[in-house]
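Engineer: Starting off with a structure, shown below.
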Amino acid sequence: MSLTENKYSLQSIHVAFIAILILAFTFTVLLNLKSETADEGFHTPQIWAFFHGDFRVAKELTMIPAYHAVIAGLLKATDTFSVKLARFLHLLLSALALPVFYHICKTLKQTQADTRTLLFLCCPIILPFFSLIYTDLPALLTVLLAFLLTLQKRYVLAAIVGLLAILMRQTNLIWVAFCCVFILIEHIREHGVEHWRQQILPLVRKLWAYAVIGIGAVTYFYLKGGVAVGDSHQHQISFNLSNLYFFLLLTFVFLLPHNIAYAKPIIELLKTTPKVWYALGAAFIIYMATYSNSHQYNSFG
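Taking numbering that gives the first Met the number 0, I'd label the letters of the sequence shown as residues 0 to 300.
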């Protein structure tokens, strides 16, 4: 092993140690919660039911209970049921997202993959969910793994993992579609658009497995009359601009260091380009006219 390789290997060990400390600290803090918090109150009873051999799906559960079956199976292997043990098993499963994310960075030839992985871990809307009984992190793990396999050109296996991602969270279908778009763009970059007819068959060979998964999922949602398994009347498919506004708000906060770094060019742009003010004014009017917080789950109660 060369000196450079040894240096990077040692650095990765240090980062892994830091990640373990962060996860251990967060898990210890959240382990002292007196009872299940927020959506844990929906997920834990379903896991409890599966653990005791009752395979009925709770009417208020919105997702396909693949996550609940996995955690219940792991608990069954220990022949013990407890919220604390369920959180710990969830932590072990969710932590697998970190090496997958790291390898994605490496495959994309991103610099500072170690630092990027720690930033991913410490993201405020990600870190707590490593230690809570939520579907978010295991679902994210399957999405990341599907994308990594796509990068490695293992398309059929990636599509199978994509199916698992959809079983974890139905909305992950959009990320299976993302993998298809990524393959399409990479194919065009490699072969160009000339002689596109000759490229159809090679492209079909890459995409057919994703297409089968996607068509199957869409057919299931259509026959069921919606995406949600339970409580479907609160989860209708619709176009809601408020989701875009919320996304922009989060983007401003999470990219605040970047925004501060570019504050001077932004101010100069506002000084020298009056048309930007017109665009901002028009966007603000549209925002005020279309923003709503009508969903019952987001109400004050």
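Glycine included, each C-beta is placed from N, C-alpha and C at the ideal position.
Run the CB neighbour count on I212, radius 10 Å, all protein chains shown included, and call it buried at 16 or more, exposed below.
Structural biologist: Looking up residue 212 in the sequence shown gives position 213. That one is buried.
Engineer: Exposed or buried, which one is E39 when buried takes at least 16 other CB atoms within 10 Å?
Structural biologist: The residue you call residue 39 lines up with position 40 of the sequence shown. E39 is buried by the Cβ-count criterion.
Engineer: Within its chain, find whatever has a CB closer than 8 Å to the CB of I17; leave out the 5 residues flanking it on each side and keep chain order.
Structural biologist: Translated into positions along the sequence shown, residue 17 becomes position 18. Around I17: L117.
Engineer: So, does the segment 105–125 touch the segment 72–81, judging by three or more C-beta pairs under 8 Å?
Structural biologist: Counting Cβ pairs under 8 Å, fewer than three are found: no touch.
Engineer: Leaving out five residues before and five after L269 in sequence, what residues of the same chain have Cβ atoms less than 8 Å from its Cβ?
Structural biologist: Residue mapping note: residue 269 aligns to position 270 of the sequence shown, counting from 1. V275 and W276.
Engineer: Find out if the Cβ-Cβ distance for the pair A145, V160 is shorter than 7 Å.
Structural biologist: Here residue 145 refers to the residue found at position 146 of the sequence shown. Here residue 160 refers to the residue found at position 161 of the sequence shown. In this structure, V160 lies closer than 7 Å to A145 by Cβ.
Engineer: Can you tell me the Cα-Cα spacing of K263 and P273, whole angstroms?
Structural biologist: Within the sequence shown, residue 263 is the residue found at index 264, counting from 1. Within the sequence shown, residue 273 is the residue found at index 274, counting from 1. Looking at the two C-alpha atoms, the distance is approximately 16 Å.
Engineer: Taking Cβ to Cβ, would you say T134 is nearer than 7 Å to C178?
Structural biologist: Here residue 134 is taken as the residue at index 135 of the sequence shown, counted from 1. Here residue 178 is taken as the residue at index 179 of the sequence shown, counted from 1. No, these two residues do not count as a Cβ contact at 7 Å.
Engineer: Taking the CB atoms as reference points, tell me whether Y45 and H67 lie closer together than 7 Å.
Structural biologist: In the sequence shown, residue 45 corresponds to position 46, counting from 1. In the sequence shown, residue 67 corresponds to position 68, counting from 1. One point to set straight first is that residue 45 is Gln, not Tyr, in the sequence displayed. Contact: yes.
Engineer: Counting along the chain, where does the alpha helix (DSSP H) carrying V155 start and finish?
Structural biologist: For the purposes of this step, residue 155 is taken as the residue at position 156 of the sequence shown. V155 -> alpha helix (DSSP H) spans Y154 to M167.
Engineer: Where does Q45 sit, in a helix, a strand or coil, going by DSSP?
Structural biologist: Locating residue 45 in the sequence shown gives position 46, counting from the first residue. Here Q45 sits in helix by DSSP.
Engineer: In terms of residue numbering, what span does the alpha helix (DSSP H) encompassing A68 cover?
Structural biologist: Locating residue 68 in the sequence shown gives position 69, counting from the first residue. Start and end: A65 to T77.
Engineer: In whole angstroms, what separates the C-alpha of H42 from that of L60?
Structural biologist: By 1-based counting over the sequence shown, the position of residue 42 is 43. By 1-based counting over the sequence shown, the position of residue 60 is 61. Near 8 Å, if we compare the C-alpha coordinates of L60 and H42.
Engineer: Measure the CB-CB distance between F129 and L22 and report whether it falls below 7 Å.
Structural biologist: Start at 1 with the first residue of the sequence shown, and residue 129 comes out as number 130. Start at 1 with the first residue of the sequence shown, and residue 22 comes out as number 23. Yes, these two residues count as a Cβ contact at 7 Å.
Engineer: Can you give the Cα-Cα distance for Y154 and N258, rounded to whole angstroms?
Structural biologist: Walking along the sequence shown from the start, residue 154 turns up at place 155. Walking along the sequence shown from the start, residue 258 turns up at place 259. The alpha-carbon atoms of Y154 and N258 are separated by roughly 38 Å.
Engineer: For L279 and N292, I'd like the C-alpha separation in whole angstroms.
Structural biologist: Walking along the sequence shown from the start, residue 279 turns up at place 280. Walking along the sequence shown from the start, residue 292 turns up at place 293. If you take the alpha carbons of L279 and N292, they lie about 22 Å apart.
Engineer: Given a threshold of 16 other Cβ atoms within 10 Å of its Cβ, counted over all protein chains shown, does T27 qualify as buried or as exposed?
Structural biologist: On the sequence shown, position 28 is the one that residue 27 refers to. Exposed: under 16 other Cβ atoms inside 10 Å.
Engineer: Would you give the residue range spanned by the alpha helix (DSSP H) that E185 belongs to?
Structural biologist: Here the question's residue 185 lines up with position 186 in the sequence shown. E185 -> alpha helix (DSSP H) spans L172 to H190.
Engineer: Report all residues from its chain with a CB closer than 8 Å to the CB of I284; omit the five preceding and five following residues, and keep chain order.
Structural biologist: Within the sequence shown, residue 284 is the residue found at index 285, counting from 1. There are no such residues.
Engineer: Leaving out the 5 sequence neighbours to the left and right, which residues in its chain are closer than 6 Å to I103 when beta-carbon positions are compared?
Structural biologist: Along the sequence shown, read from residue 1 onward, the residue named residue 103 stands at position 104. Here the set comprises L147.
Engineer: Candidates L29, L166 and A96: which alpha carbon is nearest V350's?
Structural biologist: Because the chain in this structure spans residues 0 to 300, residue 350 falls outside the shown range and cannot be described.
Engineer: Mark F209 as exposed unless 16 or more other C-beta atoms lie within 10 angstroms of its C-beta, in which case mark it buried.
Structural biologist: Indexing the sequence shown from 1 puts residue 209 at position 210. Contrary to the premise, residue 209 reads as Tyr rather than Phe in this sequence. With 16 or more Cβ atoms within 10 Å of its Cβ, Y209 is classed as buried.
Engineer: State yes or no: is the C-beta of L347 within less than 7 Å of the C-beta of L140?
Structural biologist: Shown here, the chain extends from 0 to 300; a query on residue 347 therefore has no answer.
Engineer: Could you check which residue in I214, R204, I199 and Q151 has the C-alpha nearest to that of A176?
Structural biologist: Residue 176 sits at position 177 when you count from the first residue of the sequence shown. Checked all of I214, R204, I199 and Q151; the closest Cα to A176 is I214.
Engineer: Report the option in I184, R204 and S11 whose CA atom is closest to the CA atom of A112.
Structural biologist: As a working note, residue 112 is residue 113 in the sequence shown. Nearest option by C-alpha distance: S11.
Engineer: CA-CA distance, S34 and L202?
Structural biologist: By 1-based counting over the sequence shown, the position of residue 34 is 35. By 1-based counting over the sequence shown, the position of residue 202 is 203. Rounded to whole angstroms, S34 to L202 spans 51 Å at the Cα level.
Engineer: Between L91 and A260, what straight-line distance do the alpha-carbon atoms span, to the nearest angstrom?
Structural biologist: On the sequence shown, position 92 is the one that residue 91 refers to. On the sequence shown, position 261 is the one that residue 260 refers to. Computed Cα separation, rounded: 37 Å.
Engineer: Given R115, which residues of its chain have a CB within under 7 Å of its CB, disregarding the five upstream and five downstream residues?
Structural biologist: Your numbering for residue 115 matches position 116 in the sequence shown. For R115, where only same-chain residues beyond five positions count, the Cβ hits under 7 Å are C104 and Q109.
Engineer: Using three-state DSSP, classify V14 as helix, strand or coil.
Structural biologist: By one-based count along the sequence shown, residue 14 stands at place 15. Helix.
Engineer: Just tell me which of L143, L249, L200 and D78 has its CA closest to the CA of P98.
Structural biologist: Working through the sequence shown from its first residue, we reach residue 98 at position 99. When only C-alpha atoms are compared, the closest one is L143.
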